[in-house]
RNA sequence: GGUGGGUUGGCCGAGAGGCGAGGCAACGGACUGCAAAUCCGUCAACACGGGUUCGAAUCCCGUACCCACCUCCA
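What follows is the structure in C-alpha cells.
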C-alpha cells in the first residue's frame, strides 16, 4: 500500500500522488503570534511534522513551508494594551513559539516566511485579481480592496457550502462591500484608527495593510509555486481562511493545493481551548509536568483528525505508556552496549502510517515490537535484539519521539558534553555503592543491602536488579 | 437557518459488515531475598430506538446529547 491521505476538499481518503515525482511541497498555516502558545496551538505543528517525517521516510524530498502571521488586528490591539510595539510583541511571541517547537522536536521548516516580509507579493496578487475582475477597491474611499465572491462561481467549494446559505456576519462592518460575503484583501489605513504608521505599507490603493487570507496565497505561491501538493492547518481554518485562500489563488489563475489536510482540536471540558483559557495549559506550564517527548507522544497517540479532550490524567497515562517503550530501549541499549542506528519500521507500522497517518495504530505496532524485544532481552545481546531496537528507533523517529534523537538533548541549548561527564561521574559513584550492596546481598545481609539502596534512592537515583546485574536510572521527579 | 465532526470497556484510544488494536489501571500466575521491570493469562465496550442482513460497534432511518465552522480562532 502506498500513502493515502484524507483530503478535506473531497472529504475522502485518497491516494497521494505528488505533482512532481519524488518531491512534495507542503504549506501549513502557522500561528498568529499574538500570545503564548497553549497545547492546542502546537497540535497542528506536531501533526504536520509527523506528515513531513513520514514523507521523508517514504523517500520524498519535502519542501515544507509554515508561515508566521505577524500582523493582524489582535496583535495590534494586544501590543497597544501592553504598551509595546506591535512588531516587538510579534517577535517576542515568535521566539517563544520557536522554543516550544524545539521542546517538542518539531523539525524546522524548509522556510518560515513572515507575512510582513511579503507585502509586495501580496500587492502583486491583489493587483492581478483586480485586473481580472475578481476584486475591487471599495468605492467609499476607505482604501480597502475586496474579493468579489459573486465573480467566482466555485466559491464555497472547498467547504461544501453555497454562498446563498451562508450567514452574513452580524458584526461585520460592511464598509464598501458589494456583497456582505466579500472579504478584505487589503485594508486601507484609517486616519482615526490609532494604528501606528509602522503597521501600514504603500500600495496602489493607498497605504494600508494586508487582509488576513492573502498572505498565505502569496507566500505559498512564492515558495511552492502556483500549484503544490499539500496544504495543512487546523479545522477552524477551513472556512473562511482556506476557502478564501483557494478562491484568491485560483481566481488569479493558480491551481493551488492538490490536497487539503486539517487537524482537529485539542479541547478542554469539551470546549475549544481558547474559550477555556487558563495558564496551566500553556506549553511551558505543561512541560513542567511532563517532558516534551511525553507531551508529543500524548498528541501522537490520537489520530490527527480526532478531537483530543485534554486532561492531565490522560497525559500522565500517556507518559507512563511511553516510559514502557523507553524502558525497553534503555535496557536493550545496556545489553547491546551501544545505541543501534534507526533501522526498518515493521510492516504494520508502515501500513498504519500510509493509511492517512494512522498514528494510533502505528503506536500499537511499536508496542508489539517492544514486547518482542522484551522477550529477546532475556537472551542477552543478539542480532535479533539489535534489529528490534533499530526498528523501534526508526518508528519512534517517524513519530518524532525517539529518545536517542540528539535533538532532544540539543533543545534549549543543553550542554551534552557536560551532561555526559556528569553521568559518568554519577555512574562511578553509584557503581561503587552497588558493589557494596552486592556483597551484602551475597552475604544475605539484606538489611544492609536495602539501606544502601535507600541511600541511593534518597539522591534521586533508582536501582533495579536485572538478569545482567543491578542498573541505575534517574528517578522521576515528583510532580504536583 | 446552512455545513462538518463526534458519542467505544474503570480511563485513554483505534477499528468501519463475520476473525472484536494497543496503552494505562485492576486481578491471577511466572520470575525476584524484597522491590521494580518483564513475560504469560484474565477482565470488560461499542449513546438510545427501530430496520437491512445468515451475521451490525461497523450499513440505513429516527432520537438524544456534545463539539466546531458560517468572513481576521490551531
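Numbering (full-length UniProt numbering), first residue to last: 1 to 480.
Where is the CB? At the ideal position from N, CA and C, for every residue including glycine.
Quick check: the Cα distance between residue i and residue j, rounded to an integer number of angstroms?
i: residue 265; j: residue 30; result: 15 Å
i: residue 103; j: residue 463; result: 28 Å
i: residue 67; j: residue 377; result: 46 Å
i: residue 296; j: residue 328; result: 19 Å
i: residue 436; j: residue 424; result: 19 Å
i: residue 197; j: residue 127; result: 23 Å
i: residue 157; j: residue 9; result: 8 Å
i: residue 130; j: residue 113; result: 25 Å
i: residue 180; j: residue 362; result: 46 Å
i: residue 379; j: residue 466; result: 12 Å
i: residue 418; j: residue 160; result: 57 Å
i: residue 526; j: residue 16; result: Here the chain comprises residues numbered 1 to 480, so residue 526 is not present and cannot be evaluated.
i: residue 39; j: residue 440; result: 49 Å
i: residue 74; j: residue 34; result: 7 Å
i: residue 369; j: residue 323; result: 15 Å
i: residue 312; j: residue 258; result: 38 Å
i: residue 171; j: residue 163; result: Since pLDDT at residue 171 reaches only 46, below the 50 mark, its modelled position is unreliable, and the value read off the structure follows with that caveat. About 18 Å.
i: residue 90; j: residue 458; result: 45 Å
i: residue 64; j: residue 100; result: 18 Å
i: residue 347; j: residue 372; result: 15 Å
i: residue 109; j: residue 249; result: 23 Å
i: residue 332; j: residue 77; result: 54 Å
i: residue 235; j: residue 243; result: 12 Å
i: residue 13; j: residue 426; result: 52 Å
i: residue 443; j: residue 449; result: 10 Å
i: residue 480; j: residue 319; result: Any reading at residue 480 must be qualified, since the residue scores a pLDDT of 37, below 50, and its modelled position is unreliable; no value is offered.
i: residue 62; j: residue 365; result: 26 Å
i: residue 482; j: residue 474; result: With the chain represented from 1 up to 480, any question about residue 482 goes unanswered, as that position is not in the structure.
i: residue 350; j: residue 5; result: 14 Å
i: residue 403; j: residue 396; result: 8 Å
i: residue 343; j: residue 190; result: 59 Å
i: residue 254; j: residue 246; result: 9 Å
i: residue 195; j: residue 119; result: 18 Å
i: residue 461; j: residue 472; result: 7 Å
Going by C-alpha distance, which of the options is nearest residue i?
i: residue 210; options: 367, 7, 69; result: 69
i: residue 241; options: 302, 212, 251; result: 212
i: residue 229; options: 302, 22, 204, 11; result: 22
i: residue 220; options: 28, 420, 456; result: 28
i: residue 431; options: 260, 470, 323; result: 470
i: residue 50; options: 357, 177, 382, 366; result: 357
i: residue 116; options: 360, 216, 44; result: 216
i: residue 508; options: 184, 398, 455, 420; result: Since the first residue shown for the chain is 1 and the last is 480, residue 508 is missing from the structure and cannot be characterised.
i: residue 60; options: 32, 20, 37; result: 20
i: residue 273; options: 80, 37, 6; result: 37
i: residue 298; options: 2, 6, 43; result: 43
i: residue 155; options: 142, 183, 143; result: 183
i: residue 261; options: 306, 343, 165; result: 306
i: residue 455; options: 468, 433, 446, 422; result: 433
i: residue 223; options: 11, 460, 24, 345; result: 24
i: residue 26; options: 226, 204, 152; result: 226
i: residue 354; options: 392, 54, 420; result: 54
i: residue 18; options: 420, 231, 151, 338; result: 231
With which residues is residue i paired in a DSSP beta bridge?
i: residue 27; result: 65, 231
i: residue 266; result: 308
i: residue 469; result: 466
i: residue 259; result: 230
i: residue 14; result: 5
i: residue 474; result: 461
i: residue 271; result: 268
i: residue 282; result: 38
i: residue 209; result: 187
i: residue 20; result: 23
Contact check, residue i vs residue j under 8 Å by CB: the rounded distance?
i: residue 105; j: residue 233; result: No, residue 105 and residue 233 are not in contact; Cβ-Cβ is about 21 Å, not under 8 Å.
i: residue 516; j: residue 199; result: This structure cannot settle anything about residue 516, because the visible part of the chain is limited to 1 through 480.
i: residue 145; j: residue 137; result: 5 Å
i: residue 300; j: residue 46; result: 7 Å
i: residue 310; j: residue 359; result: Wrong, their Cβ atoms sit about 17 Å apart, outside the cutoff.
i: residue 340; j: residue 401; result: Wrong, their Cβ atoms sit about 17 Å apart, outside the cutoff.
i: residue 218; j: residue 121; result: 4 Å
i: residue 92; j: residue 86; result: Actually they are not in contact, since the Cβ atoms of residue 92 and residue 86 sit about 11 Å apart, beyond 8 Å.
i: residue 132; j: residue 251; result: 7 Å
i: residue 188; j: residue 143; result: 2 Å
i: residue 58; j: residue 125; result: The pair is not a contact, with the Cβ atoms about 33 Å apart (cut-off 8 Å).
Relative to the ligand MG, is the shortest distance from any of its heavy atoms to the C-beta of residue i smaller than 6 Å?
i: residue 92; result: The model on display carries no ligand, and the ligand MG is accordingly not part of it.
Problem set entry | Runs of beta strand (DSSP E) wholly within the UniProt region "Disordered" (158-204) (minimum 3 residues, chain order) | 183-188
Exercise. Fully enclosed by the segment 85-154, which beta strand (DSSP E) runs are 3 residues long or longer?
Worked result: As summarised for the segment 85-154, the continuous beta strand (DSSP E) elements at least 3 residues long and confined to that stretch are 135-137, 145-147, given in chain order.
Exercise. Can you list, in chain order, the stretches of the alpha helix (DSSP H) that have 4 or more residues and sit fully within the UniProt domain "Cysteinyl-tRNA synthetase class Ia DALR" (348-410)?
Worked result: Listed in chain order, they are 359-377, 383-399, 406-410.
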